[in-house]
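There are 2 protein chains.
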Amino acid sequence: MKKIYIGIIGFGNIGSGTVKLLKKNFALIKKRIGMEIHIKRIADIDVKKNRGIKIDRKTFTKDAEEVINDPKIQIVLELMGGIHPAKEYIIQSLKKGKAVVTANKALLAEEGREILKTALDNNQDIYFGASVCGGIPIIKIIREGMLANRINYMAGIINGTANYILSRMEEGFTFKQALIDAQKKGVAEKNPSLDIEGTDTAHKLVILGSLIFNIPLTLSNIYTEGISLLTPMDLKFAKEFGYVIKLLAIAKENNGNFQFRVHPALIDTKHPLATVKDEYNAVYIEGNATGEMLFYGKGAGQMPTASAILSDVIDIARNFKSKTCMRIPPIVSYEKSYKVIPLQQLKSSYYLRMMAIDKPGVLAKIANILAEYKISIASVFQKERNKAEAVPIVMMTHEATEKNISTAIKKIDKLPAVKGNTVRIRVENS
Amino acid sequence: MKKIYIGIIGFGNIGSGTVKLLKKNFALIKKRIGMEIHIKRIADIDVKKNRGIKIDRKTFTKDAEEVINDPKIQIVLELMGGIHPAKEYIIQSLKKGKAVVTANKALLAEEGREILKTALDNNQDIYFGASVCGGIPIIKIIREGMLANRINYMAGIINGTANYILSRMEEGFTFKQALIDAQKKGVAEKNPSLDIEGTDTAHKLVILGSLIFNIPLTLSNIYTEGISLLTPMDLKFAKEFGYVIKLLAIAKENNGNFQFRVHPALIDTKHPLATVKDEYNAVYIEGNATGEMLFYGKGAGQMPTASAILSDVIDIARNFKSKTCMRIPPIVSYEKSYKVIPLQQLKSSYYLRMMAIDKPGVLAKIANILAEYKISIASVFQKERNKAEAVPIVMMTHEATEKNISTAIKKIDKLPAVKGNTVRIRVENS
């Protein structure tokens, strides 16, 4: 029986989960792949913390180099997160002739090209299935299962924290209440900004977009807007118009023109993504042969992420057994010409919500400004009169350009009767 | 640039779709995998029918042996369907040292062991992703993406025809009307019996169940019941109780005890499978690491099936390029001991619907019979009185055994006030 030796750098929640899962399903995996996967060394700053797993103390080291330089270790799992020194550890491992598995989406989004290039130059496999959507094997699906398809459109709910918060807000929680609830449940981190401001979603979109379209995407190509300014009132109004609000990662191609966006969006309650609740993730993809597809599951958490990491380890182990590597190359030579459309050129329908003092003529003034910018109103909803306070005016527009909407909103927000800033949420139709 | 030559046996809807898709995405696939896939020969009984694709006439032959014996052909695509001579062609191809791709679920369900064993003995790859769920790469997901998981439960809507018919019946169509509509739309075949009686679903369940649990399943292990006896009334009542009715393929494991069933089932409207409409397929799987997952898309049709076939061709081409084969073995040695639980031992809740003449005491008699067999009623619904005709009595039971339900129903159906047979539909909770 062939034995595969792995080394782990980073023994936090994900690292210890991976070890737990390997121990739990060891015999099953061995039977399925005809190989044994053994953990040779584990590096972590804190080697004394009890993680609830029985491991020989000699397995642990504080020094990642001991993992990287161990001649028996064939696969290094980088599970520490962060940019430095994770990047350096990965590059050293590849140069030492080891395959690498990483779950580090931020690193891949920011330094992915150099890392993948190093793997290619050193003829070493690097797999990163756990970097996007945890247990959902979306990267395998894109690089293998749907490879015969041209994909023109993808929309994903790929941040469980944001989706959990929005699910609570649908039930009437304010953003703050929902965030606190998420933190209590362990669904949001103490510092939740990466998740709620859309940055984590953008990291993952860089990875997925690069793979789907074979272009060298960077974070700067992605318009990113988070969910922290949404109110339960907007989710309620959206529902009345037949929509739910989700934080989406969108990738779209039209004749060599690309769009990459992360923002809250209204989607029809009948859209397959609309029923994705709580911390679940889902990716909706249209292939030119398959038509519409949806892949749904837990996008984060200890065990789903461990599942993705071990499935990558298994892929590499199978490559070892087959005496091959680079079977799925980390990079295909990128498309030479591509154009990312700036957000201002986007055409979309919009949900607009203003708070206005209910005086005669206010709605007319708003409507005039919209007309001036060729924005036509599909439907409008105004709350009952309330002379003292500002009341919400809610509108759904027909298709308009982002540029015109932005300019119109600026003008509307200067009207004396309009209080605060207009809330604008894009409507997403696949 | 490496060239791969394929031969196709069977140039009907799926065969011609595969050629169409290969032509359409040829350059894209070439770029992605660094190889060109060329069609060397196509065998079909009818070589003259216009399929709307430009192909050199010399490519065609009426003789499948010419494909199998062509020394240049590396991969044979068996797309003719049926058991014989498809089986013989596949076995000959494998013995001739060619890899095989097949979409033939009936053949795999009935003769899969011999075919896969032949592949193994001849050290040739055989891929069959198109045999289940068309465009959804469910076989790849089970054999690769979720391989680190123990799977204890799967429930799938894996027959598009049946799901389309049920979707129309939800709107009030009778079974017959829905079937005619499906035939008009090209979603059902002229002879729809394989689809509506659950046989096609059972074929696919044999394939999925064998892979998930690593046991040598046969059709005889699968309880199979179709949808032709359902009425729109039952779908309506189910809805009132908070359920939809779907034709499910169910695979379940509990301590080495297995269940495999194909039958219409009530599922909660909040279950991820409940929103799957029309001809769409979806597979719901619980992994012991991932938790619940759902994979959704088009399970049949020319282009989705072609996508699956070409993705298998690509997998094999990548094996060629990597100078390997059997990277994903067609069979792992099967589990030695396993037990398939007979249906009579199933524990489930049930939907029961009787038609009864509304006389005093009828409900009491029915309730007494159920009590005698330890079946307790969770809720009951009886239509308004109508002395002349039989009216429906609808019940949801608490958990009971299939054996007791069956015996009770037989007794109930003998009551003079009860007309026709009691309709019994199992409730499926994951």
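Protein sequences, first through last, are from chains V and E. Residue numbers for the first sequence follow our numbering, so the first one is 1 and each next one is one higher. Residue numbers for the second sequence follow our numbering, so the first one is 431 and each next one is one higher. Backbone N, C-alpha and C define an ideal beta-carbon position, used for all residues, glycine too.
With a CB to CB cut of under 8 Å and the five nearest residues on each side skipped, what residues in its chain are close to Met431/E?
Taken in chain order, the residues that qualify are Lys460, Gly464, Met465 and Glu466.
Return the Cβ separation of Tyr350/V and Ile425/V in integer angstroms, given the expectation that the two are a contact with Cβ distance under 8 Å.
7 Å
From what residue to what residue does the alpha helix (DSSP H) around Asp630/E run?
Thr629 to Phe643
Just to make sure I have the definition right: I need the residues of chain E whose C-beta is within less than 8 Å of the C-beta of Ser307/V. Which are they?
Within 8 Å of the CB of Ser307/V, the CB atoms of chain E belong to Met576, Ala578, Asn579, Gly717, Ala719 and Thr720, in sequence order along the chain.
So that I know if they touch, is there some Cβ in chain V lying closer than 8 Å to that of Lys753/E?
yes
Counting beta carbon pairs with one atom in the stretch 347-364 of chain V and one in the stretch 407-422 of chain V, are three or more of them shorter than 8 Å?
yes
So within the stretch 702-735 of chain E, which uninterrupted beta strand (DSSP E) runs reach at least 3 residues, ignoring any that extend past its ends?
The stretch 702-735 of chain E contains these whole beta strand (DSSP E) runs: 710-717 and 721-728.
Are the CB atoms of Asn123/V and Lys96/V within a distance shorter than 8 Å?
no
Note down, in chain order, every chain E residue with its Cβ under 8 Å from the Cβ of Arg32/V.
Leu577, Asn644 and Val762
Under 6 Å Cβ to Cβ from Gly586/E, same chain only, skipping five residues before and after it: list those, please.
Cβ neighbours of Gly586/E beyond the five flanking positions: Ala679 and Val713.
Using a Cβ-Cβ distance under 8 Å, would Leu647/E count as near chain V?
no
Are the Cβ atoms of Gly287/V and Ile83/V separated by less than 8 Å?
Not in contact: Gly287/V and Ile83/V (Cβ atoms no closer than 8 Å).
What does the alpha-carbon distance come out to for the pair Glu683/E and Ala103/V?
Spanning the two alpha carbons is a distance of roughly 31 Å.
Name, in chain order, the residues that DSSP records as bridge partners for Asn684/E.
Answer is Asn687/E.
Since Met723/E meets chain V, which of its residues come closer than 7 Å, beta carbon to beta carbon?
Gly135, Ile136, Tyr296 and Gly297
Establish whether the CB of Met1/V and some CB of chain E are separated by less than 8 Å.
no
Going along chain V, which residues have a C-beta under 8 Å from Leu702/E?
The residue asked about is misnamed: residue 702/E is Pro in this sequence, not Leu. Those within 8 Å of Pro702/E in chain V are Thr275 and Tyr296.
With three or more C-beta pairs closer than 8 Å as the rule, is the stretch 258-277 of chain V touching the stretch 538-550 of chain E?
These segments do not touch.
Check Arg41/V in the structure and name its three-state DSSP category.
strand
Check this for me: beta carbons of Ala516/E and Thr491/E, under 8 Å apart or not?
no
Take every Cβ of the stretch 662-670 of chain E, pair it with every Cβ of the stretch 634-645 of chain E, and state whether three or more of those distances are shorter than 8 Å.
Here the stretch 662-670 of chain E makes no contact with the stretch 634-645 of chain E; the two share fewer than three CB pairs at distances below 8 Å.
Determine whether the Cβ of Met395/V lies closer than 8 Å to any Cβ atom of chain E.
no
If I measure Cβ to Cβ from Lys239/V and keep anything under 7 Å in the same chain, skipping five residues before and after, which residues do I get?
none
Identify every run of the beta strand (DSSP E) within the stretch 320-389 of chain V, keeping only runs that are complete inside it and at least 3 residues long; order them along the chain.
347-357 and 377-382
Taking the straight line between their C-alpha atoms, what separation do you get for Lys54/V and Leu208/V?
36 Å
Which two residues bound the contiguous beta strand (DSSP E) that contains Val19/V?
Here Val19/V belongs to no beta strand (DSSP E); instead the alpha helix (DSSP H) covers Asn13 to Lys24.
Quick one: Cα of Gln344/V to Cα of Tyr127/V, how far?
36 Å
Thinking just about the alpha-carbon of each residue, which of Glu541/E, Ala539/E, Glu540/E and Ile520/E is nearest to the one in Val531/E?
Ile520/E
Using beta-carbon positions only, say whether Asn281/V and Lys339/V come within less than 8 Å of one another.
no
Report the neighbours of Lys414/V on chain E: residues whose CB is nearer than 7 Å to its CB, in chain order.
Going along chain E, no residue has its Cβ under 7 Å from Lys414/V, so there is no contact; the nearest lies around 44 Å.
So Gly447/E and Met733/E are supposed to be a Cβ contact under 8 Å. How far apart are they, rounded?
Right, their Cβ atoms sit about 6 Å apart.
Please list, in chain order, the chain V residues whose beta carbon lies closer than 9 Å to that of Ser741/E.
Glu144, Gly145, Met146, Leu147, Ala148 and Asn149
So, Thr224/V versus Asn159/V, is the Cβ gap smaller than 8 Å?
no
Within 8 Å (strictly less), CB to CB, does Leu507/E reach chain V?
no
Between which two residues does the alpha helix (DSSP H) harbouring Gly112/V extend?
Lys105 to Asp121
Between Phe381/V and the rest of its own chain, which residues show a CB-CB distance below 6 Å, the 5 nearest in sequence each way excluded?
Val394
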